[in-house]
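Novice: Numbering (our numbering), first residue to last: 234 to 365. Note that the Cβ used here is the ideal one computed from N, Cα and C, for glycine as well. On a predicted model such as this, the values are computed, not experimentally measured, just so you know. Here it is: the structure, laid out below.
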């Protein structure tokens, strides 16, 4: 009788241990490793003076600093006072409008230089204009 109680107790402990082990394994399989995702977008020039009706061509470098290849999508958003300006990012020596780039996580294929281009219209008053 004492042996049966001990046996039942051992079986119960083993069962509980088994259930918790399965739960623990299931949680580990469900977890996904977080991959670092990051990129830089910058230019050397932060404040520029441009004449009206003169096209601005500004190199912008995009670098994937993450741990995996990425498709990076772009949109150029002008400030309220520049809504009527045409502005965009160009690639291939200014021949094509660029809306996205695919960058590897490994150098040298982890970066690209694009050209931000805009032309202030004749009626543009002097002032500060921002594009993000």
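#1: Quick check: residue 344 and residue 296, are their CB atoms within less than 7 Å of each other?
#2: Would you call the stretch 298-306 in contact with the stretch 346-356, where contact means no fewer than 3 C-beta pairs closer than 8 Å?
#3: Please determine, among 338, 364, 357 and 294, the residue with the shortest C-alpha to C-alpha distance to residue 286.
#4: Taking a contact to mean a Cβ-Cβ separation below 7 Å, would you say residue 279 touches residue 293 in this structure?
#5: I need the DSSP call for residue 314, collapsed to helix, strand or coil.
#6: Does the distance from the C-beta atom of residue 272 to that of residue 310 stay below 7 Å?
#7: Under the assumption that residue 307 contacts residue 325 (Cβ atoms under 8 Å), give the Cβ distance between them as a whole number of angstroms.
#8: Would you please verify whether the beta carbon of residue 358 is less than 7 Å from any beta carbon of chain D?
#9: Would you list the residues sitting across from residue 344 in a DSSP beta bridge?
#10: What residues are listed by DSSP as bridge partners for residue 305?
#11: Classify residue 353 as helix, strand or coil using the three-state DSSP reduction.
Specialist: If we stick to the structure as given:
#1: To locate residue 344, count along the chain shown from 1; it is residue 111. To locate residue 296, count along the chain shown from 1; it is residue 63. Yes, these two residues count as a Cβ contact at 7 Å.
#2: no
#3: Indexing the chain shown from 1 puts residue 286 at position 53. Taking only the C-alpha atoms, the option nearest residue 286 is 357.
#4: Stepping through the chain shown from its first residue, residue 279 is reached at position 46. Stepping through the chain shown from its first residue, residue 293 is reached at position 60. Cβ distance not < 7 Å, so residue 279 and residue 293 don't count as in contact.
#5: In the chain shown, counting from the first residue as 1, residue 314 sits at position 81. Three-state result, residue 314: helix.
#6: The count along the chain shown starts at 1 and reaches residue 272 at position 39. The count along the chain shown starts at 1 and reaches residue 310 at position 77. Not in contact: residue 272 and residue 310 (Cβ atoms no closer than 7 Å).
#7: Mapped onto the chain shown, residue 307 falls at position 74. Mapped onto the chain shown, residue 325 falls at position 92. That belief does not hold up - the Cβ atoms of residue 307 and residue 325 are roughly 15 Å apart, past 8 Å.
#8: Looking for chain D here will not work: only one protein chain is present.
#9: Taking the first residue of the chain shown as 1, we reach residue 344 at position 111. Paired residues: 296.
#10: On the chain shown, residue 305 is found 72 positions in, with the first residue counted as 1. Beta-bridge pairing links residue 305 to 334.
#11: For the purposes of this step, residue 353 is taken as residue 120 along the chain shown, with counting starting at 1. Three-state DSSP puts residue 353 in coil, outside helix and strand.
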